[in-house]
Structure formats: C-alpha cells, structure tokens
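Under the numbering used here, the sequence shown is numbered contiguously, ending at residue 291.
Have a look at the structure below, then the notes.
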Amino acid sequence: MTQAVRHLEDLDTGVRYRATVRSNQRITSDESEEEIRELVLDLDRRDFKYEVGQSIGVIVPGDPTLGQEEHIRLYSVADLPDRSAAGTPEIRIAVKRCFYLDSYSGERYPGIASNYLCDREPGDVLTIAGPFGVAFEVPRDPQANLILIGTGTGIAPFRAFVKHLYRSGSDWKGRVWLFYGANSGLEMLYMNDVRDDFTQYYDHDTFEAFRALSPRPSWADPIAWDYAIEQRAAELWDMLGSPHTYVYVAGLEKMRPELDRVFASIADSPQDWERRKAELMAGRRWVELLY
C-alpha cells in the first residue's frame, strides 16, 4: 500500500460505522483455486461519504491466541459511490480468501480478516472505519493518458476508476490502458466468465485492456509482464515521455521489481528507466498502492 497508509496503526479508526452484508458472491469461477468474493455492504449512516479510489478499514475479531482483540484490514472500494434502495450508502469490496504458511513449521494458517469476511452471510453486521486516502486521483485534464497496472484484487480500485471516467458525463479523450496480471484467466476479476465488467468499455476508442498471465501457473511461474508490455514497447515509451501520462499500479509488492525489470528493457538502459520513473514519481504521475 502507499506510504501514507502503510502502517495500519497510524490510521484513525476511532470513528466506526455499522455495515450490513447485503450480498456475498464468489466472482472467480468454481474451477479456480483462488476464491475471491465481492461483498456488498449497506451502511447505517446516511452521511457517510466516500470518493473513487478510497479504501475502508474493516475491523474483525482478532486471534485470542495472539492477544488480539480485533484485527484491521484495508480494502479498496470496488465501485462508484452508490446508495441502496433505502437511500443508505452502499460499498462494494473484493476479498480474496488467504492462507499463510509458517516459514518455520510449514503449517498452513487462514488469514484472519479474509476468511472472516468470505464466510459472512447476508444480514451479518460488520464494523468499518474510514474512508481512507485517495491513492489514484482522476487527472483534471481529459486529454491525459492513464496506464493502469494491477494484479489480483488490485483490479478493484481500477474497476471504479475506469467506470468513473466513462460514466462521469465527461468525454475522456486520453488513452486508458489497463494491464491486468494473474496466474491464469480464471483468476482475472471482472474479466472472466463470472463477471466481465470491462467489456462495456471496449467500444470506446480510448480504452484497451491487456492480459498478463503466467505461462505455467501450475509451476508457479511469474506473471509474464514482459510479453504484455514489450509488445507495446514503442507506444508505451512515447506515452511515458509525455507530461500528460499517469501510471497507477495496484497489487502485490513483488510487482515493483518485476515491472522495473520490464520497463528497463524497453528503455535504452536501466539508468534511463530509473531517471524516467523518478521524473514520473516527482510529478505524482507514477503512484503505487502495493501490499
């Protein structure tokens, strides 16, 4: 996640809200080993407001064996601000059921927040805090180019972001290129047989989506960013040289060195890429939300 929200203990979670689970739907196919679910939450406070690109903190019961009374995790809002039929604020989040291996014992443990949320049923009540941050700001210039790069549930903020661009009533004229990485097509959220939200934007000349998949997911081969990015190397490098281009990256922290390696390959040298990335970051035109 971004530096501003890297430490959960730095977040102000004193003001809390009740949220009722309205629906909990699996959005990866049953054939996929990855279980990712979309939860729709109804808030009990009509004055709760949030913006595109923000996150909410979900507070769940902690692990008593670790002396935790509660456990907090951040989740990006996966849709535009909306309201339920009753007029109360509505929030959608994407949650991956996670498990962790103990490096010493080799034992497998369930992730506390993810498993708790994935097991919720309609009518269950959650405690949330926030909203927090605006990692990815919509440029004021509708001519701006946007390069969006995400993996896994990192697609959630981009789903809301792209929806905002094309439904805000403005005529977005800049390019919007979405690069989405996953082990296989079965794990591509909102771009699979269960939910394919991005197809509605394919008729826009400015929007393109590119898949980056692992060549051998069963062997745990890394996502082939090089294939997806290097095929468009010349155009990408030209876009990156424009002062009107923004690059937003969301997903796992291991993406950073992988992307640096691939972008260095389309530059003349790693040093050229370091300089270009530094320029983008200095102008807040390269922004990462990694965890």
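Virtual Cβ for every residue (Gly too), placed ideally from N, Cα, C.
Environment of residue i [buried if 16+ CB atoms lie within 10 Å]
| i | result |
| --- | --- |
| Y109 | exposed |
| K254 | exposed |
| S218 | Any reading at S218 needs caution, since the residue's pLDDT is 48, under 50, leaving its predicted position unreliable; the model's value is listed next. With fewer than 16 other Cβ atoms within 10 Å, it is exposed. |
| Q54 | buried |
| M239 | buried |
| E107 | exposed |
| L126 | buried |
| P64 | exposed |
| G332 | This structure does not reach residue 332, given that the chain is present from 1 up to 291, and the question cannot be answered. |
| G123 | exposed |
| E101 | Looking at the sequence shown, residue 101 is not Glu but Leu. Exposed. |
| T199 | exposed |
| M353 | Only positions 1 to 291 of the chain appear in the structure, and residue 353 is not among them; the question remains open. |
| Q271 | exposed |
Residue of the options minimising C-alpha distance to residue i
| i | options | result |
| --- | --- | --- |
| H71 | S269, T28, N115, R275 | N115 |
| L146 | L289, L290, R285 | R285 |
| L41 | S84, Y50, L148 | S84 |
| I93 | P139, A19, T13, E33 | A19 |
| Y190 | K163, G174, C118 | K163 |
| R45 | G130, S103, S242, W225 | G130 |
| E208 | L259, I149, R167, R256 | I149 |
| I59 | R16, E51, E33 | R16 |
| G26 | Y100, K49, R120, I91 | One point to set straight first is that residue 26 is Arg, not Gly, in the sequence displayed. Measuring from the Cα of R26, the nearest candidate turns out to be R120. |
| R211 | F263, I155, R256 | I155 |
| R22 | I36, C98, E33, L117 | L117 |
| A278 | V134, F263, Y291 | F263 |
| V176 | D205, Y291, T151, E274 | D205 |
| P343 | D171, R97, L280, R167 | Beyond the ends of the chain as shown, which are 1 and 291, falls residue 343; an answer cannot be given. |
| A86 | G62, L43, Y104 | L43 |
| F99 | E35, L290, D272, F132 | E35 |
| L178 | P139, L236, F132 | L236 |
| V77 | L213, A160, P61, D12 | A160 |
| M188 | L213, V52, P89 | L213 |
| Y246 | D196, V138, G57 | V138 |
Start and end residues, alpha helix (DSSP H) containing residue i
| i | result |
| --- | --- |
| S265 | 255-266 |
| Q54 | Element bounds for Q54: n/a, residue is neither H nor E. |
| P270 | 270-282 |
| E31 | Careful: E31 lies outside any alpha helix (DSSP H) and carries neither H nor E. |
| D171 | D171 -> no alpha helix (DSSP H), and no H or E assigned at all. |
| D238 | 233-240 |
In DSSP terms, what residue i is bridged to
| i | result |
| --- | --- |
| H71 | V60 |
| F207 | V176 |
| G150 | Y180, A250 |
| V77 | I93 |
| D82 | E90 |
| T245 | N145 |
| L213 | A182 |
Range of the contiguous beta strand (DSSP E) that encloses residue i
| i | result |
| --- | --- |
| E288 | 286-290 |
| I229 | Taken as a continuous stretch (DSSP letters only), I229 belongs to no beta strand (DSSP E), being part of the alpha helix (DSSP H) at 225-230. |
| E38 | 36-43 |
| A19 | 16-26 |
Cβ-heavy atom distance, residue i to the ligand ADP, below 7 Å
| i | result |
| --- | --- |
| M255 | For the ligand ADP, the structure offers nothing, since it holds no ligand at all. |
**OP:** Report the residue ranges of all alpha helix (DSSP H) runs contained in full by the segment 86-158; include only those spanning at least 4 residues, in chain order.
**Re:** 112-118
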